[in-house]
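Trainee: Sequence positions in the sequence shown follow numbering that gives the first Met the number 0 and run 0 to 201.
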Amino acid sequence: MQFTDELAIKDVGSYGIYKRRGRVKFVKSKELTSSIQTEEHTGANISEFYRSLFSERTTDQNKQVDTPLATPQTYTCTVCNLEVPTGSRLKHEQATAHLSSKAHIQNNYRPSLIKQGHIGYETMSRLGWSPNNQAGLGASSQGRIYALKTDKIKNDSFGIGFDYTVNTIRKQNRQSLGKRECCRMHKEEVRKKQMLLQYFSH
Numbered sequence: 000m001q002f003t004d005e006l007a008i009k010d011v012g013s014y015g016i017y018k019r020r021g022r023v024k025f026v027k028s029k030e031l032t033s034s035i036q037t038e039e040h041t042g043a044n045i046s047e048f049y050r051s052l053f054s055e056r057t058t059d060q061n062k063q064v065d066t067p068l069a070t071p072q073t074y075t076c077t078v079c080n081l082e083v084p085t086g087s088r089l090k091h092e093q094a095t096a097h098l099s100s101k102a103h104i105q106n107n108y109r110p111s112l113i114k115q116g117h118i119g120y121e122t123m124s125r126l127g128w129s130p131n132n133q134a135g136l137g138a139s140s141q142g143r144i145y146a147l148k149t150d151k152i153k154n155d156s157f158g159i160g161f162d163y164t165v166n167t168i169r170k171q172n173r174q175s176l177g178k179r180e181c182c183r184m185h186k187e188e189v190r191k192k193q194m195l196l197q198y199f200s201h
C-alpha cells in the first residue's frame, strides 16, 4: 500500500505547522565514485611505519639524557642547618624558619608576669632573683623560674582558707552613726525609761 500526501497529513495528527507540509519523498543514495586510490597495507609497510615512530622517540630521549642537568649550588646554613641556594641567601635570612631558630635568637630579656613596681618583684630581686637568668625560685635555684601573678596582695596575717564573712559582718556592725540617728536613738531610750517608770509607779 502506497501512502499518498493526504494519508500522510492524516497520520501526522495535530502537530501545528506540520499539518500543511507536504510529504518528503525518499531519495535513494547514489554509489560514490571516489577517485582516491587505496593503498594496500601489507605487514612490511605497517612495521616500517611503527619503526619510524619509535625511532624518533628514542632519539629524542637520548638527546634529553645526553644534556646534563644544571645542579644548583647550595650551602648549609649554620644557624638553622638547612640547604639553601647560593643566590637566595638574603631571602633565606629573612624567612621565618631562619629567624625562629634557637641558635639565632639570643634574647636575654625574658618578660615576667609581675610588674617591676610590685612588692613581690622587689622582694625577690632583693634576695637575688632576676627574670633574665634561668635560676629557679627555690633555695638552690630549683623549681619554678617565674612567679605566679596574683590579683591582690595579701596584707593580713590570716592563714589560707580563713572565713572572711565573720570579719565583714563585724565591720558592718561597727559602722559609725550620724548625729540625727544618735538623737533619734537617745529619744527612743528616754521614752522607754519614762514608760517603765510610769508602769512601776502605779
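Ideal Cβ placement from N, Cα and C applies to all residues, glycine included.
This structure is a prediction, so every number in the text was calculated from the model and none was measured.
Short of 7 angstroms in beta carbon distance, which residues of its chain neighbour residue 2, apart from the five on each side in sequence? Order them along the chain.
Mentor: Position 3 of the sequence shown, counting from 1, holds the residue named residue 2. Its pLDDT being 49, under 50, residue 2 is placed unreliably by the model, and the measurement read from it follows with that caveat. Answer for residue 2: no residue qualifies.
Trainee: Looking at residue 73 and the ligand HEM, is the gap between the Cβ and the nearest heavy atom below 6 angstroms?
Mentor: Because no ligand of any kind appears in the structure shown, any question about the ligand HEM cannot be addressed here.
Trainee: How would you call residue 183, buried or exposed, if buried means at least 16 neighbouring beta carbons within 10 angstroms?
Mentor: Position 184 of the sequence shown holds residue 183. By the 10 Å Cβ count, residue 183 comes out exposed.
Trainee: Work out the CA separation of residue 119 and residue 156 for me, nearest whole Å.
Mentor: Your numbering for residue 156 matches position 157 in the sequence shown. Your numbering for residue 119 matches position 120 in the sequence shown. Going from the Cα of residue 156 to the Cα of residue 119 covers about 16 angstroms.
Trainee: Using DSSP with H/G/I as helix, E/B as strand and the rest coil, what is residue 200?
Mentor: On the sequence shown, position 201 is the one that residue 200 refers to. The answer is helix: DSSP assigns residue 200 an H, G or I state.
Trainee: Rounded to the nearest angstrom, what separates residue 92 and residue 129 at their Cα positions?
Mentor: As a position in the sequence shown, residue 92 is number 93, starting the count at 1. As a position in the sequence shown, residue 129 is number 130, starting the count at 1. Distance between the alpha carbons of residue 92 and residue 129: 32 angstroms.
Trainee: Work out the CA separation of residue 193 and residue 177 for me, nearest whole Å.
Mentor: The residue you call residue 177 lines up with position 178 of the sequence shown. The residue you call residue 193 lines up with position 194 of the sequence shown. Between residue 177 and residue 193, the C-alpha separation is close to 25 angstroms.
Trainee: By Cβ distance below 7 angstroms, which residues in the same chain neighbour residue 85 in space, the five residues on each side in sequence not counted?
Mentor: In the sequence shown, residue 85 corresponds to position 86, counting from 1. So the qualifying residues of the chain are 72, 73, 74.
Trainee: How is residue 49 classed by DSSP in three states: helix, strand or coil?
Mentor: Against the sequence shown, residue 49 aligns to sequence position 50. Reduced to three states, the DSSP call for residue 49 is helix.
Trainee: Would you mind stating whether residue 134 and residue 113 have Cβ atoms separated by less than 7 angstroms?
Mentor: Against the sequence shown, residue 134 aligns to sequence position 135. Against the sequence shown, residue 113 aligns to sequence position 114. No.
Trainee: Among residues of its own chain, excluding the 5 on either side of residue 123, which ones have a beta-carbon nearer than 8 angstroms to its beta-carbon?
Mentor: Position 124 of the sequence shown holds residue 123. Hits under 8 angstroms: 136, 146.
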